[in-house]
Every structure is written in C-alpha cells, then in structure tokens.
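Trainee: After the structure tokens below, expect a handful of questions from me.
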Amino acid sequence: MKLNAKDLISAGLLMSFAAVALWLNLDHTLGSARRMGPGYMPMLAFWILMGLGGITLVLGLFNGPDPIETWTPSEVWFLIGGAAAGTVAGLAAARMPGFASVGWNPLGIGLFVGCMVASIVPSWRPLFLVSGAFTLFGIVLEPLGLMVAISISVILSSFADKTHTPLGVAGLVVFLCVLCWAVFIYELDIRVPVWPQF
Amino acid sequence: MDLIQNLGHGFGVAFTLNNLLFCFIGCIIGTAIGVLPGIGPVATISLLLPITFGQPATTAIIMLAGIYYGAQYGGSTTAILLNLPGEVSSVVTTLEGYKMARNGRAGAALTVAACGSFFAGSVATILVAASGPLLTQVALSFGPADYFSLMFLGLIISAVLAQGSVAKSIAMVALGVSLGMVGTDVQTGQQRFTFGIPELSDGVGFVSIAMGMFGIAEIIINLERPESRSVMSGKVGSLMMTRAEVRRSIPSVLRGTAVGSMLGILPGGGAALSSFASYMMERKLSSHRHEFGSGAIEGVAGPESANNAASQTSFIPLLTLGIPGNAVMALMVGALIIQGIQPGPRMVEAQPDLFWGLIASMWVGNLMLLVINLPLVGMWVKLLAVPYRYMYPSIMIFCAIGVYSLQNNVFDVYQTVVFGIFGYLCSKLRLEGAPMLIGFVLGPMMEEHLRRAMLLSRGDWGVFIERPISATLLAIAAIALAAMLLPNIRKSKDAALQEGG
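Those protein sequence lines, which keep their order, are chains A and B. The opening residue of the first sequence carries number 1 in our numbering; numbering runs sequentially from there. The opening residue of the second sequence carries number 1001 in our numbering; numbering runs sequentially from there.
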C-alpha cells in the first residue's frame, strides 16, 4: 500500500466539514429545482465537496507515499491542552462580569489562552505566537488604544524568532507606532482609539 | 474611431493628479514586494484593500493593479542579481538570468527584462482595450444558464491549472463555494449557517479569508524556514545591451508576449504559468538553444515579457465578464463589490471611467516601472538587507489594523486568526488556497444564476445542454477535466508547475 498521509488527512477534513454542513443544512427548506429554497445550493455544494473528499480519499490510498512530519508527544499534548484551555478560558470569560464578557472578548480571550498554552512548545511558536499576538491586538485595541496594542503584540510576536534583540524590538515598536500613526490616523483618519481610555 | 476616443477618455482619467499618484504608489509597493521574497501580491493587495476604501473605485483599482504588475517587474531584479526569485513568476528567470549576472552581464539582463516587460505590457494593454468592448457584446447575449456554465468552467480550469492534485484543488473550490453560502439568503432573507452571529449575516469576511490564508499563514510558514539569503554576484555592470544581444532578444520578446497574452486570459493562468511556458518554448525554438544553461539572454527576455503580458491580460475576463481568473483577480472582485460596483459585462458601459482609466493607467504604470526599476536597481536590492525578523511584525500589524478598520469590529480580527491557522494547516496538507478564494467569490454569484436559470427553464436541468453557449462551455470544462486524467499531460503539468510555481 502506498498511503498518502497528506491526502488522507485532507480528505478526512473535507468530508467531515461536508458532513457537519449537510447536517446544519437540514434546517433550511430545499424547495424544488424550479423554485430553489435557501437550502438547495448549499446542499449541492456540500454533496459535491463530500464526493470530491471521497475521491481524494480513494486516490490517497494509492498515490503515496507522502508522509507528514510526525509530531512529538509534547507537540500533540500541548496542542490538545491549548484547545482545552482555550475553550475553558473562553467559557469562563463569558460568565465573568465586566470587561471579560463584553462583546467578542470571550472569543478573543479563549483564542489567546489557547495559543499561549500551545506555544509553550518551541516548535509551535511561529504558528501560535503570531496567531496569539494577532489576537492580543484585537483584545487590547479598543480599551487601551492603538499604540499600546501595537507595542505589546509586536513584543509578543518577537519571541517567535530567536534572532531578535531587545534593542531591535524596541526600535521596531517605535518605528511601527510612528508609521501607523502617520498612515492610519493622520492620513486615512480611521476611527480607532489611539490612546488608553479611562 | 471609437477605440481611440475611448482610450483618450481613459488617459484623461489616468492623468488626473490623484490617479497618477496612486498608480505611482501602487507601482512602488509592487516593486518592493516583488523584490522581497516571502510576501506576494495576494497578501499585499488584501493588506491594502481596507486602505483603498476611502478612495474612489477607479483610483483604488488603479493602485491595486499597479501592485500586481509592479510585482512582476520587481521579481525579476532579485532573480537576476541574487538567484532569488521574489515572486513565483520569476522562478524561471533565475535559470538564465543569474548565469548572465555571473558572466558579468547583469545589466543587460535587467535591461532586457525591463524593456521586454514594457513592450509586452504595452501590447497587452492594447489587447485589453480592444477585446473589452468586443467580449462585452458577446457577454450581453448570455442568459443565466450560460453564466452559470461560464463560472463553472472558470472554476474547473482554475483548479485544473493549480499546483498539485486536481481532486484536491476542485475540492478546495467546492469548500470555497460552501463558505460562500454563509450569510443571508438573497431571495428569502433567511440566515444560513450564521449561528446567530450578526457579523456573519453578510457572509464570512472576504478580507479576513484573504489576509488569513495568504498573509498570516505565509508569515508563519516563512518563520519556520531558516532564513537563507545568497550574496550578490559582482556588480550590475553596464545597463546597455550589445547589438547582438538586442538582435537575439527581439524574437524572444515577441514570442513571450504572445504566449503570455494568451495564457493570461485563461482562468487560473496568470503570470507564473506563462513565464514557465515561455521558457520551455524558448528552449525549444530559440536559435541559440545550445547556450541555455550558461546564460542565454532569450531565457530572460521571453519569460519576463510573458509574465508581464499575462498579468495584464488576466484582467480581461474580470473586466468583461466579471469572472476572476486567479486569486489576485478574486481580490479585485472583492474590492469592486465593496465599492458598490457589481463586476460584469455591463461594467464597460456603466463605468467607462473605471474601465478605460484602468487600461490607460496600466500603460502609464508600465512606463513608470521602467523608470523606477532600471536606474534605481541598486536601491531595490538594498531592501533585501532588511531582515525578515523586522518584516513579519510589521506585516502582522498592518493586517490587524486593516482588518479591524473594515467595520471597526474586533470580530474580523479573530476571524482572520482562525483563517490564518486554517491556512497554515492547508499548506501543510498541500491544499491550495487560491482555488478556494476564487470559489468563495464566485459561489454566491453562481447560486443566483443557477436559481434564475432553473426558474426560467421551469425546473428542467436540460437547459444547460440545450443552450449552445452553455453546452460549449460545459464541454470545454469536461475536456479540461478529462485531459488531466491522461497520465502524460498530468505529468508534464506537474513538472511545469514544480519549476514554474
């Protein structure tokens, strides 16, 4: 057997997406071919996706071998741990009074905690520190303003690359703050808080 | 003549101060990202989409187009001088161009790349101008069924020409179409797959998908790879070409322009495919083919002309039929829709400023690029001295501010993170992002046309085969699919894309 691991995982991903989507689509009226309801086109699209996932699955049994990089146990555990911690943190934040449960903050906090837990493993850092820094930007932007958001997410993301020096990061923060102020606030005048608001 | 009058109108639009300025900015940014590896036109254009909202539609599109064809110019510079392709479309330029640089003819290689690109760009501009109104006439006779088949063909070809497994690419198209179903149903107003989230009632954020899959995911992949930068080989040398070099490169430029113009029109074609096709052609047809591998000027002249011609003719299906052929064009559709313009055959008549202004600006932009690139080559190469560790936080911050400013909503920021992680996963599994983006843009349009077609035909699916236009388009799609099942063709496509990107 020449198993193509990448294709098999892709097929699994696509087919489970299609299955969930088809199940969700049960809520919508299909209508007839002549008068299509809201559920008709989604149904077609999801069944085609399912079929193509199936073809990929069958092809993946023969067109390999194409193994994926195996994850170390710590990578796997911290990924699962991150997902669990993120979910718990998000649900907890939604129940807390005050800042944590306002608007989309529970989602942001959940994503952020999940990314941070997973990035304890060095090899996950490029992926989850960049994602985490991006999320942190979203959490901090409205309460603390653009300048603080830029500073802390640049500092956080800088840990994703080992060659950074403290001085270089500081310079980068100043440069980006000035540049973003000039482009987005002075020139384009977008509606975003610049400084912390109390 | 109408054409000349219209072009005159276009130049009138392109030569307003604001449009000239933004065309120039687009070309500068395009050249910069063309030089820098690790960030491509798709990421940059999605990054800058939010910034263009404050501008009129014409100005916005002129600038975004400038980024796309500017990147083709910039990509050749590093390919020749450093053996480092800044863009996928200039991968083949490294083969002969870097050899020429090692032979001390870097200047000549740069000159032929820039002049060939300029010539190809001018020809392609005229081609777009001439074919626009013509194709529009044809498109106006299309019924809903024909439109559906046309989009279907576009999706199939863009998937067939994408890298890697055809089944996976088409599956990604289907995934894109599926994601496009999220949001309010146009005809009944019912919310579909929104989970009660008000932010999703307009659909999944287009900019979030593009930025996440092509911006954030790209950064992460680049960070995982150790940085490798080759050293510049010697000096640029004289920019002047010898008489013999000029004579040798003229036929190559002509052939490259022809190949690029044709492949650019194909959905899924675009710059990368055409530069490779042109390189293969030169290796077979050139009278100096024995010199290939040791710095033949034909190997630079042909592909560089081809990729620039293709980057411009790929606007033809977008401007005349409203169908995006590649990921960059899908972004253009997004930009137009956000500006309130529905791309389609009526655009030429309804938006003459946009259509003719864009065409004229392409020519103006090519002229600017010639000036930006040739004398200032040294400056662009210095850009490479900026290490990636300073670039990725900057890209990230620009993405974040841009996506937030779309609707002043942090939900878009989190959405982008999710698509960033998904994009990373896709690239690990060799699932292509570009077909998904095209499917996402075309999905809702296809649904509308399908519903209309079936309503008109009273529920008879035969309408797609009975109408001659629709039947022809579907037949072409079937042939394209069948061709990929033949092992020989598939193998040569894979080989072509492996080298050509």
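C-beta: ideal position from N, C-alpha, C; glycine also.
Determine the direct distance from the alpha carbon of residue 1135 of chain B to that of residue 1348 of chain B, and round the result to whole angstroms.
Mentor: About 10 Å.
Trainee: Rounding to the nearest angstrom, what Cα-Cα distance links residue 1484 of chain B and residue 1178 of chain B in this structure?
Mentor: Separation of residue 1484 of chain B and residue 1178 of chain B (C-alpha to C-alpha, rounded to the nearest whole angstrom) is 24 Å.
Trainee: Is residue 1339 of chain B helix, strand or coil by DSSP?
Mentor: Residue 1339 of chain B: coil per DSSP, three-state reduction.
Trainee: Just to make sure I have the definition right: I need the residues of chain A whose C-beta is within less than 7 Å of the C-beta of residue 1417 of chain B. Which are they?
Mentor: Residues of chain A passing the Cβ test: 111, 131, 134 and 135.
Trainee: Give a yes or no on whether the minimum CB-CB distance between residue 1363 of chain B and chain A is below 9 Å.
Mentor: no
Trainee: Keeping to the same chain, check which residues put their C-beta closer than 6 Å to that of residue 1471 of chain B; ignore five residues upstream and five downstream.
Mentor: 1465
Trainee: So, residue 1253 of chain B versus residue 1112 of chain B, is the Cβ gap smaller than 9 Å?
Mentor: yes
Trainee: What are the start and end residues of the alpha helix (DSSP H) that includes residue 1483 of chain B?
Mentor: 1468 to 1485 is the span of the alpha helix (DSSP H), which, as asked, contains residue 1483 of chain B.
Trainee: Mind listing the chain A neighbours of residue 1447 of chain B? Cutoff is C-beta to C-beta under 7 Å, in chain order.
Mentor: 41
Trainee: Could you give the distance in angstroms between the alpha-carbon of residue 1327 of chain B and the alpha-carbon of residue 100 of chain A?
Mentor: 38 Å
Trainee: Contact between the stretch 1049 to 1058 of chain B and the stretch 1067 to 1083 of chain B: three or more CB pairs below 8 Å?
Mentor: No: the two stretches stay apart, fewer than three of their Cβ pairs being nearer than 8 Å.
Trainee: Enumerate in chain order the residues of its own chain whose CB-to-CB distance from residue 1395 of chain B is below 8 Å, with the five nearest sequence positions on each side excluded.
Mentor: 1039, 1043, 1047, 1215 and 1219
Trainee: Ignoring anything shorter than 4 residues, give me the alpha helix (DSSP H) runs that lie fully in the stretch 1165 to 1244 of chain B, in order along the chain.
Mentor: Note on the stretch 1165 to 1244 of chain B: whole alpha helix (DSSP H) runs with a minimum of 4 residues are 1166 to 1180, 1206 to 1210 and 1217 to 1224, in chain order.
Trainee: Per DSSP, what kind of secondary structure is residue 171 of chain A in: helix, strand or coil?
Mentor: Helix at residue 171 of chain A.
Trainee: Note down the Cα distance separating residue 1310 of chain B from residue 1278 of chain B, rounded to an integer number of angstroms.
Mentor: 11 Å
Trainee: If the cut-off is 8 Å on Cβ atoms, which residues from the stretch 1138 to 1170 of chain B count as contacting chain A, listed in chain order?
Mentor: 1165, 1167, 1168 and 1170
Trainee: In terms of DSSP beta bridges, what is residue 31 of chain A paired with?
Mentor: A/36
Trainee: The alpha helix (DSSP H) that contains residue 1013 of chain B, what's its start and end?
Mentor: 1002 to 1014
Trainee: Is the CB-CB distance between residue 1150 of chain B and residue 1170 of chain B below 9 Å?
Mentor: The Cβ-Cβ distance between residue 1150 of chain B and residue 1170 of chain B does not fall below 9 Å.
Trainee: Among B/1332, B/1246 and B/1344, which one has its Cα closest to the Cα of residue 1049 of chain B?
Mentor: B/1332
Trainee: From the beta carbon of residue 1190 of chain B, is the nearest beta carbon of chain A less than 9 Å away?
Mentor: yes
Trainee: Output the distance between the C-alpha atoms of residue 1275 of chain B and residue 1302 of chain B, rounded to the nearest integer angstrom.
Mentor: 7 Å
Trainee: Helix or strand or just coil, what does DSSP make of residue 196 of chain A?
Mentor: coil
Trainee: Check residue 1072 of chain B in the structure and name its three-state DSSP category.
Mentor: helix
Trainee: Please classify residue 1025 of chain B: does DSSP put it in a helix, a strand, or coil?
Mentor: helix
Trainee: Leaving out the 5 sequence neighbours to the left and right, which residues in its chain are closer than 7 Å to residue 1463 of chain B when beta-carbon positions are compared?
Mentor: 1145, 1453 and 1457
Trainee: Of all Cβ atoms in chain B, is any one closer than 9 Å to the Cβ of residue 79 of chain A?
Mentor: Chain B contact via Cβ: absent.
Trainee: Run down chain B in chain order and give the residues with a C-beta less than 7 Å from the C-beta of residue 188 of chain A.
Mentor: Simply 1051 and 1054.
Trainee: Just to confirm my understanding: we take residue 1079 of chain B, look at its own chain, exclude 5 residues before and 5 after, and list those with CB closer than 6 Å. What are they?
Mentor: 1085, 1090, 1093, 1094 and 1097
Trainee: With 9 Å as the threshold, decide whether the Cβ of residue 1083 of chain B is near any Cβ in chain A.
Mentor: No, because no Cβ of chain A sits closer than 9 Å to the Cβ of residue 1083 of chain B.
Trainee: Between the alpha carbons of residue 6 of chain A and residue 54 of chain A, how many angstroms are there, rounded?
Mentor: 14 Å
Trainee: Helix, strand or coil for residue 184 of chain A, going by three-state DSSP, please let me know.
Mentor: helix
Trainee: Within its chain, find whatever has a CB closer than 8 Å to the CB of residue 1023 of chain B; leave out the 5 residues flanking it on each side and keep chain order.
Mentor: 1014, 1062, 1063, 1066, 1361, 1364, 1365 and 1368
Trainee: Name the two residues that bound the continuous alpha helix (DSSP H) containing residue 1454 of chain B.
Mentor: Residue range 1433 to 1456 is occupied by the alpha helix (DSSP H) that includes residue 1454 of chain B.
Trainee: Among B/1290, B/1408 and B/1376, which has the Cα closest to the Cα of residue 145 of chain A?
Mentor: B/1408
Trainee: Within the stretch 105 to 150 of chain A, note down every full beta strand (DSSP E) run reaching 3 residues or more, in order along the chain.
Mentor: none
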